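Some notes on the structure that comes next.
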Amino acid sequence: MNRSVVKPLIWIAALAACLALFCFPSMAEEAAGMRVFVDGLGREVEIPAEVERIVCTGVGALRYVCYMGAQDRVVGVEQYETEPTMQRLYNYVNFEQFSSLPVIGMSGEPDAEAILSAGPQVIVMSAYIDGADDLQSRTGIPVVVVPTSDTTLDDDAFETFRLLGELFGMEERAEELTDYLHGIEDDLAARTADISEADKPSVYVCGVSFQGAHGFEGTEAHYGPFELIGANNLADQTGQALAFDIDPEQVLAWDPDIIFIDFNGMNLISEDYAANPDFYNALTAVQEGRVYSQISFRSSASNLETALADAYYAGTVIYPEQFADIDIAEKADEIFTMLLGEPVYDDLVENGYAFRQIQLGE
Numbered sequence: 000m001n002r003s004v005v006k007p008l009i010w011i012a013a014l015a016a017c018l019a020l021f022c023f024p025s026m027a028e029e030a031a032g033m034r035v036f037v038d039g040l041g042r043e044v045e046i047p048a049e050v051e052r053i054v055c056t057g058v059g060a061l062r063y064v065c066y067m068g069a070q071d072r073v074v075g076v077e078q079y080e081t082e083p084t085m086q087r088l089y090n091y092v093n094f095e096q097f098s099s100l101p102v103i104g105m106s107g108e109p110d111a112e113a114i115l116s117a118g119p120q121v122i123v124m125s126a127y128i129d130g131a132d133d134l135q136s137r138t139g140i141p142v143v144v145v146p147t148s149d150t151t152l153d154d155d156a157f158e159t160f161r162l163l164g165e166l167f168g169m170e171e172r173a174e175e176l177t178d179y180l181h182g183i184e185d186d187l188a189a190r191t192a193d194i195s196e197a198d199k200p201s202v203y204v205c206g207v208s209f210q211g212a213h214g215f216e217g218t219e220a221h222y223g224p225f226e227l228i229g230a231n232n233l234a235d236q237t238g239q240a241l242a243f244d245i246d247p248e249q250v251l252a253w254d255p256d257i258i259f260i261d262f263n264g265m266n267l268i269s270e271d272y273a274a275n276p277d278f279y280n281a282l283t284a285v286q287e288g289r290v291y292s293q294i295s296f297r298s299s300a301s302n303l304e305t306a307l308a309d310a311y312y313a314g315t316v317i318y319p320e321q322f323a324d325i326d327i328a329e330k331a332d333e334i335f336t337m338l339l340g341e342p343v344y345d346d347l348v349e350n351g352y353a354f355r356q357i358q359l360g361e
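To convert, note that position 151 of the sequence shown is 150 in numbering that gives the first Met the number 0; the numbers rise steadily by one, no gaps.
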């Protein structure tokens, strides 16, 4: 080729390369092993192209990382994760790993020095705490905020899966979880869609935990498992939005058809029953043996897998015809396996957390 032609071509190629660097910075960053990530708060954060080492801070962040199956990337945990519990099944399943990791702070109170010592590439922070920019400034480590969720299946839950899928390069897993959970949502709704409100038994859930254990008075309006199956939750009539204490005399006046007891409040309710049996025995549901369990799904925010199992069990009790095909042990283990990688319903039963009828004073 004529040299007079080659030189202009070289200059054109060089100019195009420069323009690519200025006009397409993401391409340049990826080439350098970095990329720009837009987190749950709309913050643009520069992170490594491949994220293999993380720590999580704030309620729910580690839980959703475990749902994604990315717990092997965790290099440090908050203090409360080093104490075994069945109230957070992601901790129970992964406790052997978590207990051996360095502590990087208290719940929602990250320790910058401890985080630096653990050596993560990215800090995953729950939107339930503030200070992402400050923590990023203090550590020099990119902080990615994810919404997580304190209910059952809401937009925040699905957005967290999407964000973590993008963060870890696990988009297929995020899509798998999203499709599965939408399927659960649709299945539960469809089973009760044709039941009129007038034909739905009235239900009351008690012993619900919020800022500690509560007894018979502790209930919740728009209780997640009931919402998923369209149950006639009497607490919804109060105008409340979340968990709260109600006057027990109001429950007596309602006289619910079915009562559910959250295991977290069982001891308090048993003690109160021993002291005030006449109150409880005046309730028709107690007289006729229509009192059943719920496994607490709220421990450091919502444990999605337990909430969904609660919904199916409540469905088998409230709408036995519509849920006649459900074996609750099998369904619970299906959900646990999808979200946590292991079927652990038998473990719950062995530790006293079974879906079952309850006899007050037992």
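Note that CB positions come from ideal geometry on N, CA and C, so glycine has one too. For clarity, every value in this text was computed on a predicted model and none was experimentally measured.
{"Asked": "C-alpha gap between D178 and P342, whole angstroms", "Found": "20 Å"}
{"Asked": "Reduced DSSP category for G217 - H, G, I as helix; E, B as strand; rest coil", "Found": "strand"}
{"Asked": "Those residues which DSSP pairs with F259 across a bridge", "Found": "V204 and Y291"}
{"Asked": "DSSP bridge partner residues for P109 (one or two, in chain order)", "Found": "G104"}
{"Asked": "Given E159 as reference, the closest of E196, A353, F167 and G39 once Cα atoms are compared", "Found": "Glu is not the amino acid found at residue 159; the sequence shown has Thr there. T159 has its Cα closest to that of G39, out of E196, A353, F167 and G39."}
{"Asked": "Coarse secondary structure for F36, derived from DSSP in three states", "Found": "strand"}
{"Asked": "Cβ-Cβ distance between P119 and V74 below 8 Å", "Found": "yes"}
{"Asked": "Element boundaries [beta strand (DSSP E), containing T56]", "Found": "I53 to T56"}
{"Asked": "Rounded straight-line distance, which links the Cα of L251 to that of T81", "Found": "42 Å"}
{"Asked": "Whether R87 touches S298 by CB criterion (8 Å)", "Found": "yes"}
{"Asked": "Beta-carbon contacts of N350 that lie in its chain and below 8 Å, excluding the five residues immediately before and after", "Found": "M85"}
{"Asked": "Nearest-angstrom Cα separation, counted from G130 out to V348", "Found": "40 Å"}
{"Asked": "Inter-residue spacing [alpha-carbon to alpha-carbon] between I258 and D346", "Found": "25 Å"}
{"Asked": "Buried or exposed (CB count within 10 angstroms, at least 16 for buried), L241", "Found": "exposed"}
{"Asked": "Candidates V50, N231, Y203 and T56, of which the one nearest E196 by Cα", "Found": "N231"}
{"Asked": "Within 8 Å, strictly: CB atoms of Q300 and G59", "Found": "Residue 300 is actually Ala in this sequence, not Gln. Yes, the Cβ-Cβ distance between A300 and G59 is below 8 Å."}
{"Asked": "8 Å Cβ cutoff met for E219 and V207", "Found": "yes"}
{"Asked": "Any alpha helix (DSSP H) of 4 or more consecutive residues that is wholly inside the region 121 to 199", "Found": "131 to 138, 154 to 167 and 170 to 191"}
{"Asked": "Delimiting residues of the beta strand (DSSP E) encompassing A242", "Found": "A242 to D244"}
{"Asked": "E45: first and last residue of the uninterrupted beta strand (DSSP E) it sits in", "Found": "E43 to P47"}
{"Asked": "Closest Cα partner of F209 within the set T150, P200, Q236 and V142", "Found": "T150"}
{"Asked": "Same chain, Cβ closer than 6 Å to D332, five either side skipped, listed in chain order", "Found": "P342 and Y344"}
{"Asked": "Buried/exposed call for S295, threshold 16 Cβ in 10 Å", "Found": "buried"}
{"Asked": "DSSP-derived helix/strand/coil call for N350", "Found": "coil"}
{"Asked": "C22 versus E170: straight-line alpha-carbon distance, rounded", "Found": "Its pLDDT being 44, under 50, C22 is placed unreliably in this model, and the value from its coordinates should be taken loosely. Roughly 27 Å separates the two Cα atoms."}
{"Asked": "Any alpha helix (DSSP H) of 4 or more consecutive residues that is wholly inside the region 308 to 352", "Found": "327 to 339 and 344 to 349"}
{"Asked": "Beta-carbon proximity check, L233 vs P200, cutoff 8 Å", "Found": "no"}
{"Asked": "Cα-Cα separation between E77 and V50, rounded to whole angstroms", "Found": "20 Å"}
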